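Q: Anchor point for the sequence shown: position 162 equals 173 in our numbering, and the numbering is continuous, going up by one each time.
For every residue, glycine included, the Cβ atom is placed at its ideal position computed from N, Cα and C.
Since the model is a prediction, treat every value here as computed from it, not as a measurement.
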Amino acid sequence: MKNGFLYDIAVADAEARLWFKSTSGAISVEKHPFQNYFYVDVEAFSGLDVFYSEVEEVKLRLFPRGFKQLVKVSFETQAEYRSAKRLFERKNVETYASDVPVYHKVLAPHGYVPMTLRGEEYRIEPLPMKTARFSLIKGPAGEYALHFHAGEEFSVRGPLDTVLLELSRAIQKYDPDIVSSNLSYEELRGLAREARRRGIRLGRGEQPLEGRIFIEHSLLERIGLTGLEERSGFTFLPPTHAARVSYGRMIDLRQSYVLLSRGYAVPRRMNLNIPVRTAWEIHLYDKGGLIIRPRPGLYRNVAVLDFESMFPNLIVKRNISYETVNRRGVRRRPRGLLPELIEDALRRRLYYKGVMRSSSGPDTRWADERQSELKMILVSSYGYSGNNYNRLGNPLTFEWINRYSRRVMLEVLGYVERQGFKVIYGDTDSVFLQGDRASAEDYERLALRLSERVGLPMRLDNFYEWLFLFPDRDEKAGVAKRYIGVSNGKINAKGVEAVRSGVPRIVKKAQLRIVERAVRAKPGEELKEVLLRELEAIYEELYSARPEDLVAGSTLRKERYLSRNPVLIAAQQLRSNGYTVAVGDYVEYVWVDALNPNPYLRVQAWKLYDGRGLDMKKYTEILDRALSPILLALGFRPEVMLGHLYPTGNRSLPPPA
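(1) Tell me the rounded alpha-carbon separation between residue 21 and residue 389.
(2) For residue 34, count the other beta carbons within 10 Å of its own beta carbon; 16 or more makes it buried, fewer makes it exposed. Which is it?
(3) Determine the DSSP secondary structure at residue 156, reduced to helix, strand or coil.
(4) Expressed to the nearest angstrom, what Euclidean distance is found between the alpha-carbon atoms of residue 25 and residue 516?
(5) Put residue 373 into one of helix, strand or coil per three-state DSSP.
(6) Residue 754 bridges to which residues according to DSSP?
(7) In whole angstroms, give me the CA-to-CA distance for residue 448 and residue 380.
(8) Within its chain, find whatever has a CB closer than 6 Å to the CB of residue 103; leave out the 5 residues flanking it on each side and keep chain order.
(9) Among the residues of its own chain, which have a CB less than 6 Å from the CB of residue 23, if the five just before and after it don't count?
(10) Considering Cα atoms alone, identify which of 43, 214, 218, 631 is closest to residue 224.
(11) Whole-angstrom Cβ separation of residue 191 and residue 227, contact assumed at under 8 Å?
(12) Compare the Cα-Cα distances from residue 143 to each of 218, 188, 100 and report the closest residue.
(13) For residue 222, which residues of its own chain have a beta-carbon under 7 Å away from its beta-carbon, when the five flanking residues on both sides are left out?
(14) Is the segment 382-399 touching the segment 495-509, taking contact as three or more C-beta pairs under 8 Å?
(15) Compute the distance between the beta-carbons of residue 72 and residue 266, then report whether it is under 8 Å.
(16) By Cβ distance below 7 Å, which residues in the same chain neighbour residue 110 in space, the five residues on each side in sequence not counted?
(17) Just list the residues that DSSP pairs residue 482 with in beta bridges.
(18) Contact between the segment 562-581 and the segment 537-553 is defined here as three or more beta-carbon pairs at a separation below 8 Å; is this criterion met?
(19) Taking the alpha-carbon positions, what's the residue 6 to residue 318 distance?
(20) Leaving out the 5 sequence neighbours to the left and right, which residues in its chain are closer than 8 Å to residue 531 when beta-carbon positions are compared?
(21) When DSSP labels each residue in this structure, what does residue 650 get in the three-state scheme?
(22) Nearest-angstrom Cα distance between residue 70 and residue 386?
(23) Who pairs with residue 627 in a beta bridge, going by DSSP?
(24) Quick check on this structure: which residue in 75, 40, 55 has the alpha carbon closest to the alpha carbon of residue 345?
(25) Let me know if residue 404 comes out buried or exposed under the rule of 16 or more other beta-carbons within 10 Å of its beta-carbon.
(26) How would you label residue 355, buried or exposed, when you count the other beta carbons within 10 angstroms and need 16 or more for buried?
(27) Count the CB pairs spanning the segment 236-246 and the segment 51-69 that are closer than 8 Å, and state whether there are at least three.
(28) With residue 247 as the anchor, note down where its beta strand (DSSP E) starts and where it stops.
(29) Using 8 Å for Cβ pairs, my map puts residue 633 next to residue 518. What's the rounded Cβ distance?
(30) Could you check which residue in 316, 589, 638, 580 has the C-alpha nearest to that of residue 460?
(31) Skipping 5 residues on each side, what residues in its chain have a beta carbon closer than 7 Å to that of residue 382?
(32) Within a Cβ cutoff of 6 Å, which residues of the same chain sit near residue 136, ignoring the five residues on either side of it in sequence?
Printed below as a string of C-alpha cells:
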C-alpha cells in the first residue's frame, strides 16, 4: 500500500487478509487467495492418506547446497492442514515449511515488511497509531474489575458480561490501533472468544482480535512502540505475534522467512547438526568470551573502552555462518547466510546510536528504543548460532565467534599493557583501563588506534575520575557488572542499590553519599574518621526517617510466585481493599515485621500504611548491605566501621549520640 504500512494479518480458510494503515489514518484491507501448505518427500506422501486441496511436484533448494524433489501439499482449511501435519509427525515423515509461521507464507510472495513505511526505513519517530490500555482482574467472589485508559479513564466492576460490554464500547468509541493490557495473549484470546460468543467485538475484523494490535503492557513499557516496530520488521511478523517470541526465536524466524522467500525447503526447527568430537576437543574449543575478573578497590583515571556490537561485527567481518565453518577454520567465500541476515540490523543499530547521541527531546528516546531492541536481537544472533533449536544451528559457528572475540580481546589487552595501562576489569567486549595520568583525550586516541589495529569499531564509553569496583561476598574476587564511577562530578552506578528499582530512597541516597564523601576527602584528612562521621549521620537519619523515605517496591511480574514475596503480599493486600493491581504494575510497601512467621504480616502495602512501627532492624540490614561493599573497596572492614556506631551490638536501635 502506498503511503501506508502493514500492521496485521488474518488467515481464514482459503483467504488471507492484510491490514494496512495509511499515514493519514485510513484503515484498509487487502484480500488474497491463500491455502496453507507444507512440503514432503514424493515417496513418503504416496504412502499416506490425507485430505488435501491440491498437490504439486516441485524442485526446491536445500540449505546450504543441493536440490530436492518434493511434493507441495496445500489444504483448503486450517483444520485439514493441522490434521495432516499431526499425521505426518506421528509417522516420523520429514516435512518442510511445516513449522514456518503462516504469516511468512502469506508475505513471501508479496515482499511486504510489517510496520515499515516504504522510503522511510530509517524512520525515528513511531508510526502514527492510536493506543489504549486496560487491565482486567478477577476478584475472589467471581466478579471482575476493569480499568480502561485512552482519551479518558474509567473503572467498572461486575460480572463478565458487564465488563466485556463496557470494554467493547470503549474500544469502539476510541478505535485504538494498539491495545495493551495485563493479560497474556492466550488469556486475551480466551477473553475475545467469550466476547464473540456474546456478540461483542474487540477487534475490527471477522476473527476475535483481527485488525488491531494486542500486546502485554509490561512488554510495551519495556521496549516502546518503536522497539515493537523493529521487532516486527526483523521477524516479518505482525506486531501482535512478534511481541510473543524470544530474541533467539527472532533469529530463527528471519532465517525461515529468507529461506522460504528464496525457494528453499525450510527444515523443521529441531536441529541435529552436532559434530561428533572428543571431550578434549570440546575442552579446547567450546569456550565463551574472555572475561577478566574485576580487581576490587578504588581507582583514579579509569576509562571504559567498548567495542560497538563486537559479536555481530565479527560475524559480518569474518563471514562466520552455519555453512562457512568447520573444525579447521572459516571460509571467506561465498557470503554466509548469518552475516547477510544481521548486516542490516547492525547498520540500523549503529545509525540509531548515532541519532541518540546527537539528538534531543523525544527523538533521543525513540532512537534509544530502536537501538536497544536491535542490540538484543544482534546479541541473540551470537548466542543462538549454536543452539539445537535453531533449525540451521551449528555449534562450530558459536565457537568460532568466541574464538575470534578472544583473539581480539587478547590483542587489545596485550597492546594496552605495553602502552603502560593497567587492566582492572574486562568483560567480553569491553575493557576497564587505569592510567595514573591519562586523560579522556588520551583514551579516545587509544580507542582509535585499537580500532585500526583489530579492524573493529571501538570507542571510549566512559571516563571516570574515580571508580569503585566491589568484591563478592567471600571478598576473594570482584563482582562483574557492579560498580560506581564518578565522571565530571556526576555519579554513574551499575548493579548496585543506588540504581535498583524498589530500594528505599534513604538507602539509595546513603550509598551515593558515602561515595561522594570518600572521593571529596581533602588532602591531610583521615579518611577513616571522615567516613565514621558520615556513617554516624547516615544511621541517625535512618532511625529518624519519615516512612515515605523507607518505602520499598517492585513490579508485579506474574500472578503466581513460588514463595510469598513482599510484592505479591502487598498486591494481595491492595486487592483485598478494593484496589486494582495488574501484572506489570509497580507495587510499593514498607517492612513492618520481617521475621514474622506469617508472611502476610511482614510487610504492609504503602497505600494501606496505618502508621504502625516499622522494622528498623530490617532497614538497618538493607543499609548495611548497601554500604559494606563501598567500605571494603576503600580498604576498611565493614563490621569494624559499623561496630564503632553500635558498641552494644544492638542494630535495632539508633546509634548512641
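A: For this structure:
(1) Taking the first residue of the sequence shown as position 1, residue 21 is located at position 10. Taking the first residue of the sequence shown as position 1, residue 389 is located at position 378. Their Cα atoms are separated by approximately 29 Å.
(2) Against the sequence shown, residue 34 aligns to sequence position 23. It is exposed - the Cβ of residue 34 has fewer than 16 other Cβ atoms within 10 Å.
(3) Within the sequence shown, the letter at position 145 stands for residue 156. The answer is strand: DSSP assigns residue 156 an E or B state.
(4) The sequence position of residue 25 within the sequence shown is 14, counting from 1. The sequence position of residue 516 within the sequence shown is 505, counting from 1. Distance between the alpha carbons of residue 25 and residue 516: 59 Å.
(5) Translated into positions along the sequence shown, residue 373 becomes position 362. Helix, per DSSP.
(6) In the structure as shown, the chain begins at 12 and stops at 668. Residue 754 is therefore absent and cannot be evaluated.
(7) Here residue 448 refers to the residue found at position 437 of the sequence shown. Here residue 380 refers to the residue found at position 369 of the sequence shown. Their Cα atoms are separated by approximately 37 Å.
(8) As a first step, residue 103 is located in the sequence shown; it is residue number 92 there, counting from the start. So no residue of the chain qualifies.
(9) Your numbering for residue 23 matches position 12 in the sequence shown. Once the five neighbours on either side are set aside, residue 23 has no close Cβ partner at all.
(10) For this step, residue 224 is matched to residue 213 along the sequence shown. If we check each option's Cα against that of residue 224, 214 comes out closest.
(11) Reading the sequence shown from its first residue, position 180 is the one you call residue 191. Reading the sequence shown from its first residue, position 216 is the one you call residue 227. Correct: roughly 7 Å between the Cβ atoms.
(12) Here the question's residue 143 lines up with position 132 in the sequence shown. Among 218, 188, 100, the Cα nearest to that of residue 143 belongs to 188.
(13) Position 211 of the sequence shown, counting from 1, holds the residue named residue 222. For residue 222, where only same-chain residues beyond five positions count, the Cβ hits under 7 Å are 19, 30, 214, 215, 216.
(14) no
(15) Translated into positions along the sequence shown, residue 72 becomes position 61. Translated into positions along the sequence shown, residue 266 becomes position 255. For residue 72 and residue 266, no; Cβs fall outside 8 Å.
(16) For this step, residue 110 is matched to residue 99 along the sequence shown. Around residue 110: 279, 280.
(17) Here the question's residue 482 lines up with position 471 in the sequence shown. Answer is 489, bridged to residue 482.
(18) no
(19) In the structure as shown, the chain begins at 12 and stops at 668. Residue 6 is therefore absent and cannot be evaluated.
(20) Along the sequence shown, one-based indexing puts residue 531 at 520. Cβ neighbours of residue 531 beyond the five flanking positions: none.
(21) Along the sequence shown, read from residue 1 onward, the residue named residue 650 stands at position 639. In the structure shown, residue 650 sits in a helix (DSSP, three-state: H, G or I).
(22) Start at 1 with the first residue of the sequence shown, and residue 70 comes out as number 59. Start at 1 with the first residue of the sequence shown, and residue 386 comes out as number 375. Cα to Cα, residue 70 sits roughly 38 Å from residue 386.
(23) Taking the sequence shown and counting its residues from 1, one reaches residue 627 at position 616. Answer is none; residue 627 lacks a bridge partner.
(24) Reading the sequence shown from its first residue, position 334 is the one you call residue 345. Out of 75, 40, 55, 75 has the C-alpha closest to the C-alpha of residue 345.
(25) Here residue 404 refers to the residue found at position 393 when the sequence shown is read from its first residue. By the 10 Å Cβ count, residue 404 comes out buried.
(26) Position 344 of the sequence shown, counted from the start, is the residue given in the question as residue 355. Per the 10 Å Cβ criterion, exposed.
(27) no
(28) Counting from 1 along the sequence shown, the entry for residue 247 is found at position 236. First-last for residue 247: undefined, no H or E at that position.
(29) Translated into the one-based positions of the sequence shown, residue 633 becomes position 622. Translated into the one-based positions of the sequence shown, residue 518 becomes position 507. About 6 Å; that satisfies the 8 Å criterion.
(30) The residue labelled residue 460 in the question sits at position 449 within the sequence shown. Ranking the options by Cα distance to residue 460, first place goes to 316.
(31) The residue labelled residue 382 in the question sits at position 371 within the sequence shown. Hits under 7 Å: 360, 363, 364, 367.
(32) Here residue 136 refers to the residue found at position 125 of the sequence shown. Excluding positions up to five away in sequence, the list reads 377.
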